[in-house]
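J.: Which chain is which? The protein sequence lines are A and B, in order.
Once you know that position 127 of the first sequence is 127 in this note's numbering, the rest is easy, because the numbers rise by one and skip nothing.
Once you know that position 402 of the second sequence is 402 in this note's numbering, the rest is easy, because the numbers rise by one and skip nothing.
Got a structure here, written out as structure tokens. Questions coming.
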Amino acid sequence: MMLKLGVFELTDCGGCALNLLFLYERLFDLLEFYEIKEFHMASSFKEHDTLDVALVTGTVSTQRDLNLLHYARNHSKYLIALGTCATHGDVQASVEGKIREKLEKVYGTKANPMRALDSTPIVQHVAVDYALPGCPYDKDEIYQILMNLAKGVEPPTKDYPVCIECKLNEYECVLIKRGIPCLGPITLGGCNAVCIKSKVGCIGCRGPLPKEANPASEFEILKELGYDEEYIRRKFKTFARGELRW
Amino acid sequence: MVSIEIDAFTRVEGNGGAEVIIENGEVKDVKVKIFEGPRFFELLTLGRYYWDVPDLEARICAICYLSHSVASVLGIERAFGVKVSKEIELLRELGLLGELLESNALHLYLLVAPDLFGYPDAIRMASKHGEIVKEGLAIKAFGNYIREIIGGREIHGINIKPGGFGRYPTVEELERMERQSEALLRLARRGVGIFAGQETLGAKPVHYVVVNGYLYGDKLIASDKDTFDYFERIEEEALSYSFAKQSRYKGEIFMVGALPRVLLKSEMLTPTAKHLYEEYKEKLAQGYVSLNNLAQAIELVYALERTKEITRELLDKGINGENVPIEPQEGEGIGYVEAPRGVLIHHYKINEDGNIAYSNIITPTAFNHAIMELSLYEEAKRRYGTSDESAFLQKLEETVRAFDPCISCSVHVVRL
Numbered sequence: 001m002m003l004k005l006g007v008f009e010l011t012d013c014g015g016c017a018l019n020l021l022f023l024y025e026r027l028f029d030l031l032e033f034y035e036i037k038e039f040h041m042a043s044s045f046k047e048h049d050t051l052d053v054a055l056v057t058g059t060v061s062t063q064r065d066l067n068l069l070h071y072a073r074n075h076s077k078y079l080i081a082l083g084t085c086a087t088h089g090d091v092q093a094s095v096e097g098k099i100r101e102k103l104e105k106v107y108g109t110k111a112n113p114m115r116a117l118d119s120t121p122i123v124q125h126v127a128v129d130y131a132l133p134g135c136p137y138d139k140d141e142i143y144q145i146l147m148n149l150a151k152g153v154e155p156p157t158k159d160y161p162v163c164i165e166c167k168l169n170e171y172e173c174v175l176i177k178r179g180i181p182c183l184g185p186i187t188l189g190g191c192n193a194v195c196i197k198s199k200v201g202c203i204g205c206r207g208p209l210p211k212e213a214n215p216a217s218e219f220e221i222l223k224e225l226g227y228d229e230e231y232i233r234r235k236f237k238t239f240a241r242g243e244l245r246w
Numbered sequence: 001m002v003s004i005e006i007d008a009f010t011r012v013e014g015n016g017g018a019e020v021i022i023e024n025g026e027v028k029d030v031k032v033k034i035f036e037g038p039r040f041f042e043l044l045t046l047g048r049y050y051w052d053v054p055d056l057e058a059r060i061c062a063i064c065y066l067s068h069s070v071a072s073v074l075g076i077e078r079a080f081g082v083k084v085s086k087e088i089e090l091l092r093e094l095g096l097l098g099e100l101l102e103s104n105a106l107h108l109y110l111l112v113a114p115d116l117f118g119y120p121d122a123i124r125m126a127s128k129h130g131e132i133v134k135e136g137l138a139i140k141a142f143g144n145y146i147r148e149i150i151g152g153r154e155i156h157g158i159n160i161k162p163g164g165f166g167r168y169p170t171v172e173e174l175e176r177m178e179r180q181s182e183a184l185l186r187l188a189r190r191g192v193g194i195f196a197g198q199e200t201l202g203a204k205p206v207h208y209v210v211v212n213g214y215l216y217g218d219k220l221i222a223s224d225k226d227t228f229d230y231f232e233r234i235e236e237e238a239l240s241y242s243f244a245k246q247s248r249y250k251g252e253i254f255m256v257g258a259l260p261r262v263l264l265k266s267e268m269l270t271p272t273a274k275h276l277y278e279e280y281k282e283k284l285a286q287g288y289v290s291l292n293n294l295a296q297a298i299e300l301v302y303a304l305e306r307t308k309e310i311t312r313e314l315l316d317k318g319i320n321g322e323n324v325p326i327e328p329q330e331g332e333g334i335g336y337v338e339a340p341r342g343v344l345i346h347h348y349k350i351n352e353d354g355n356i357a358y359s360n361i362i363t364p365t366a367f368n369h370a371i372m373e374l375s376l377y378e379e380a381k382r383r384y385g386t387s388d389e390s391a392f393l394q395k396l397e398e399t400v401r402a403f404d405p406c407i408s409c410s411v412h413v414v415r416l
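Next up, the structure:
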């Protein structure tokens, strides 16, 4: 039996939907199990139907986004919040100020005819069955999750920091050895430490490590390295404004 | 008065639609509505330390993140008066070529080709025309490989930094790029023939605006080739029905993108690309916006040839891998890049601590907003009453698609 899949894009950069196309031939492997009912970036085909799996990307940034999110939730058995916009709000949710003030600064008027909202992650609005962060998320991970679901297996959740993957790759620690601000110790792993591969620090795009993270200690390390508090505060909040555990 | 709504354009990046207004049986007006939410990138970057800004700006768009990184880095370097080496310049160009390959191939083979062959998407088209889809995917995957090596990741890489790179490519990686660009050239040439067959749609823009280099530069040019800064000739206005603003060049509608590039900069094309340009010169000169697709196909050939030239040059010289040291100082700078969809501008003022004090970003889809609307209007006028509604709407969607619009980008494009 083919499973019915829908991809719903709220407000974002398009990367989380695009990343599915970057699976290339493995996308065709997934299509052995899934039938795409809605994926507006890739297809003009659309069928109003109950879905087995809905992938929802982006933040809720307009009333239209909110309506679409409720539609996706009400029409799907299994909903995955895909990407850091959906799970934590990402960069657009870290823009401070109220929506009308922001509209005024940018468009020169407080009027809001298009019904813009302050950006929030979708997990704040509906119950989700699985949350896969990453800006963008790792495409191998979504492939594995969709394959697991097709085979009736509940996908596992990662629970270790970026540092683990950094060590496994034997990269030099940029934080301790080179004094570069790196959020690896307090950020959820799964990206294969891609930033440290480029010899720059982890920017925290997968959001905070859910359990044993120690943001206070990270804060102290960065302060000792000479970074001011405002700089550190902003760095911590860039991708996960709605998350209080930093 | 009645209106026909296109609820949401499909096979485009981001969320937008259109309203065709009919009065007394005639098309009166078309409004392109960009309802993707605003993301306020200029506000996001204000007060941020310059070093972290290119990584944030990359997130404006996934399809052309690297163009945003490079435009951001150029703006920052110009504000500080930094001059980088030829090696760094070539590597940046290489990254932008990878992005052009990834983006043009995605657009042509996965989003446009289904229109040419009569399918709702490339997946459903693949059963009968699998070869074409696979050829497109091969070019796209190669473009992404370059983005991963130069940019640090397929999407939202962090390797492009002010003054140089985090990590420089290895000899093996450059050799692989040289080899693959050679191998894929045959496929790209075939693509030009496929996309040359599309019927012409939309309006003919009065002006074209491009960056003075092929993929990046320090000024803009139009048909007269005089160099200018964007604020000297381009004005933006906000609209009540769209989160994207509209722009005018000296008060008139203009276009940016692949068609303007090949028309205004044909002398910069590589040998085979130039040859193909000559072959289709008369067709391209008709100026209909849908010819943007043919121009994109010619650019795939250009990008593969240019990739080969650059990788050879770098391999011959050897990679030095040295960044230019940066001392933050007060200044103002503009980065001009040809994103796959056209002119992209990042303009910053930076204070003496190295924090962003002013930021203005204008993306290609915002520049093209007005000509997109005019194109839909002209196409709708031409077709209204001559076919059934679904065929009518299909042609309007094809017209919009020719711009390869990137709606996510266009909505946070604002002057403070």
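For glycine and all other residues, C-beta sits at the position ideal for the given N, C-alpha and C.
Since we're looking at a predicted model, the values are computed, not measured.
Confirm, please, whether the CB-CB distance from A93 (chain A) to T59 (chain A) is below 7 angstroms.
T.: Position 59 of the first sequence, counting from 1, holds the residue named residue 59 (chain A). Position 93 of the first sequence, counting from 1, holds the residue named residue 93 (chain A). Cβ atoms of T59 (chain A) and A93 (chain A): closer than 7 angstroms.
J.: By the three-class DSSP mapping on this structure, what secondary structure does M2 (chain A) have?
T.: The residue you call residue 2 (chain A) lines up with position 2 of the first sequence. The answer is coil: DSSP assigns M2 (chain A) none of H, G, I, E or B.
J.: Tell me whether M255 (chain B) is buried or exposed, calling it buried when 16 or more other Cβ atoms sit within 10 Å of its Cβ.
T.: Position 255 of the second sequence, counted from the start, is the residue given in the question as residue 255 (chain B). Answer is buried; the Cβ neighbour count reaches 16.
J.: Please report how far the alpha carbon of F403 (chain B) lies from the alpha carbon of N293 (chain B), in whole angstroms.
T.: Position 403 of the second sequence, counted from the start, is the residue given in the question as residue 403 (chain B). Position 293 of the second sequence, counted from the start, is the residue given in the question as residue 293 (chain B). Between F403 (chain B) and N293 (chain B), the C-alpha separation is close to 8 angstroms.
J.: Of all the options B:V209, B:H347, B:A196, which has the alpha carbon lying nearest to the alpha carbon of L284 (chain B)?
T.: Here residue 284 (chain B) refers to the residue found at position 284 when the second sequence is read from its first residue. Checking every option, the nearest Cα to that of L284 (chain B) belongs to B:A196.
J.: Would V414 (chain B) pass as an interface residue toward chain A - the criterion being a Cβ-Cβ separation below 7 angstroms?
T.: Looking up residue 414 (chain B) in the second sequence gives position 414. Low confidence applies to V414 (chain B): its pLDDT is 41, below 50, so where it sits in the model is not reliable enough to give any reading.
J.: Below 8 angstroms on C-beta distance, what does F236 (chain A) contact in chain B?
T.: Within the first sequence, the letter at position 236 stands for residue 236 (chain A). What F236 (chain A) touches in chain B: nothing, since even the nearest Cβ is about 12 angstroms away.
J.: Using the C-alpha atoms, what's the distance from L291 (chain B) back to G202 (chain B)?
T.: In the second sequence, the residue the question calls residue 202 (chain B) occupies position 202. In the second sequence, the residue the question calls residue 291 (chain B) occupies position 291. C-alpha separation (whole angstroms): 10 angstroms.
J.: Buried or exposed: where does P114 (chain B) fall if 16 or more other Cβ atoms within 10 Å of its Cβ makes it buried?
T.: As a first step, residue 114 (chain B) is located in the second sequence; it is residue number 114 there, counting from the start. Buried is the call here.
J.: Nearest to E332 (chain B) by alpha carbon, out of B:I350, B:D316, B:N144, B:P325?
T.: Stepping through the second sequence from its first residue, residue 332 (chain B) is reached at position 332. The shortest Cα separation from E332 (chain B) among B:I350, B:D316, B:N144, B:P325 belongs to B:I350.
J.: Classify S390 (chain B) as helix, strand or coil using the three-state DSSP reduction.
T.: The residue labelled residue 390 (chain B) in the question sits at position 390 within the second sequence. S390 (chain B): helix per DSSP, three-state reduction.
J.: Mind listing the chain B neighbours of P113 (chain A)? Cutoff is C-beta to C-beta under 8 angstroms, in chain order.
T.: Numbered from its first residue, the first sequence carries residue 113 (chain A) at position 113. Under the 8 angstroms cutoff, chain B gives S240, Y241.
J.: How about C166 (chain A) and G184 (chain A): are their beta carbons less than 7 angstroms apart?
T.: As a working note, residue 166 (chain A) is residue 166 in the first sequence. As a working note, residue 184 (chain A) is residue 184 in the first sequence. Yes, these two residues count as a Cβ contact at 7 angstroms.
J.: Quick check: Y171 (chain A) and I196 (chain A), are their CB atoms within less than 7 angstroms of each other?
T.: Counting from 1 along the first sequence, the entry for residue 171 (chain A) is found at position 171. Counting from 1 along the first sequence, the entry for residue 196 (chain A) is found at position 196. Contact: yes.
J.: State buried or exposed for M2 (chain A), treating a residue as buried only when at least 16 other CB atoms are found within 10 Å of its CB.
T.: Residue 2 (chain A) sits at position 2 when you count from the first residue of the first sequence. Exposed: under 16 other Cβ atoms inside 10 Å.
J.: Would a C-beta distance cut-off of 7 angstroms place C13 (chain A) and L82 (chain A) closer than the cut-off?
T.: Taking the first sequence and counting its residues from 1, one reaches residue 13 (chain A) at position 13. Taking the first sequence and counting its residues from 1, one reaches residue 82 (chain A) at position 82. No, Cβ-Cβ distance for C13 (chain A) and L82 (chain A) is not below 7 angstroms.
J.: Looking at the C-beta of H156 (chain B), does it have a partner C-beta in chain A at a distance below 7 angstroms?
T.: By 1-based counting over the second sequence, the position of residue 156 (chain B) is 156. At least one chain A Cβ lies under 7 angstroms of H156 (chain B).
J.: Figure out for me which residue from B:G75, B:E131, B:A258, B:F142 has the closest Cα to the Cα of I345 (chain B).
T.: One-based indexing of the second sequence puts residue 345 (chain B) at position 345. The residue with the shortest Cα to Cα distance from I345 (chain B) is B:G75.
J.: In angstroms, rounded to a whole number, what distance separates the CA positions of L374 (chain B) and F367 (chain B)?
T.: The residue labelled residue 374 (chain B) in the question sits at position 374 within the second sequence. The residue labelled residue 367 (chain B) in the question sits at position 367 within the second sequence. So the alpha carbons of these two residues sit roughly 13 angstroms apart.
J.: I need the boundaries of the beta strand (DSSP E) containing S359 (chain B), first residue and last residue.
T.: Here residue 359 (chain B) refers to the residue found at position 359 when the second sequence is read from its first residue. Here the beta strand (DSSP E) through S359 (chain B) covers 356 to 362.
J.: Looking at the structure shown, is R48 (chain B) part of a helix, part of a strand, or coil, going by DSSP?
T.: Start at 1 with the first residue of the second sequence, and residue 48 (chain B) comes out as number 48. Three-state result, R48 (chain B): coil.
J.: Does G226 (chain A) pass the burial test, meaning 16 or more other C-beta atoms within 10 Å, or should it be called exposed?
T.: By 1-based counting over the first sequence, the position of residue 226 (chain A) is 226. With fewer than 16 Cβ atoms within 10 Å of its Cβ, G226 (chain A) is classed as exposed.
J.: Is DSSP giving F367 (chain B) helix, strand or coil here?
T.: For this step, residue 367 (chain B) is matched to residue 367 along the second sequence. The answer is helix: DSSP assigns F367 (chain B) an H, G or I state.
J.: Sort out for me which residues DSSP pairs Q246 (chain B) with in a bridge.
T.: Position 246 of the second sequence, counting from 1, holds the residue named residue 246 (chain B). The partner list for Q246 (chain B) (beta bridge, DSSP) reads B:E237.
J.: Where does H89 (chain A) land, buried or exposed, given buried means 16+ other C-beta within 10 angstroms?
T.: Reading the first sequence from its first residue, position 89 is the one you call residue 89 (chain A). His is not the amino acid found at residue 89 (chain A); the sequence shown has Gly there. That one is buried.
J.: What are the residues in the segment 152 to 167 of chain A lying within 8 angstroms of chain B by C-beta distance?
T.: Within the segment 152 to 167 of chain A, no residue qualifies.
J.: Could you say which of A:G152, A:Y143, A:K235, A:E218 lies nearest to C163 (chain A) if we only look at CA atoms?
T.: Sequence index remark: in the first sequence, residue 163 (chain A) carries index 163 (1-based). The residue with the shortest Cα to Cα distance from C163 (chain A) is A:E218.
J.: In chain order, what residues of the same chain lie with their CB nearer than 8 angstroms to the CB of Y280 (chain B), ignoring the 5 residues before and after it?
T.: Indexing the second sequence from 1 puts residue 280 (chain B) at position 280. These residues qualify, in order along the chain: V192, A196, L294, I298.
J.: Just the Cα atoms here: how many angstroms apart are D353 (chain B) and A79 (chain B)?
T.: In the second sequence, the residue the question calls residue 353 (chain B) occupies position 353. In the second sequence, the residue the question calls residue 79 (chain B) occupies position 79. Cα to Cα, D353 (chain B) sits roughly 13 angstroms from A79 (chain B).
J.: Just how far apart, CA to CA, sit A144 (chain B) and V20 (chain B)?
T.: Here residue 144 (chain B) corresponds to residue number 144 of the second sequence, with the count starting at 1. Here residue 20 (chain B) corresponds to residue number 20 of the second sequence, with the count starting at 1. Position check: residue 144 (chain B) holds Asn in this sequence, whereas Ala was assumed. Approximately 37 angstroms, taken between the alpha carbons.
J.: Against chain A, does N159 (chain B) count as a neighbour if the rule is that its beta carbon must be under 7 angstroms from one of theirs?
T.: What you label residue 159 (chain B) is simply residue 159 of the second sequence in a count that begins at 1. By this cut-off, N159 (chain B) is an interface position.
J.: If contact is defined by three or more beta carbon pairs under 8 angstroms, each pair taking one atom from either stretch, is the segment 95 to 103 of chain B in contact with the segment 62 to 73 of chain B?
T.: Yes, the segment 62 to 73 of chain B is in contact with the segment 95 to 103 of chain B.
J.: Could you name the residues of the same chain whose beta carbon sits closer than 8 angstroms to that of A380 (chain B), not counting the 5 residues immediately before and after it, in chain order?
T.: Locating residue 380 (chain B) in the second sequence gives position 380, counting from the first residue. Hits under 8 angstroms: V20, V27, V30, F392, L396.
J.: With V200 (chain A) as the anchor, note down where its alpha helix (DSSP H) starts and where it stops.
T.: The sequence position of residue 200 (chain A) within the first sequence is 200, counting from 1. Per DSSP, V200 (chain A) belongs to no alpha helix (DSSP H) and is neither H nor E.
J.: Establish whether the CB of S43 (chain A) and some CB of chain B are separated by less than 7 angstroms.
T.: Locating residue 43 (chain A) in the first sequence gives position 43, where the first residue counts as 1. With 7 angstroms as the cut-off, S43 (chain A) counts as an interface residue toward chain B.
J.: What span of residues does the alpha helix (DSSP H) with F236 (chain A) cover, start to end?
T.: Here residue 236 (chain A) corresponds to residue number 236 of the first sequence, with the count starting at 1. 229 to 237 is the extent of the alpha helix (DSSP H) around F236 (chain A).
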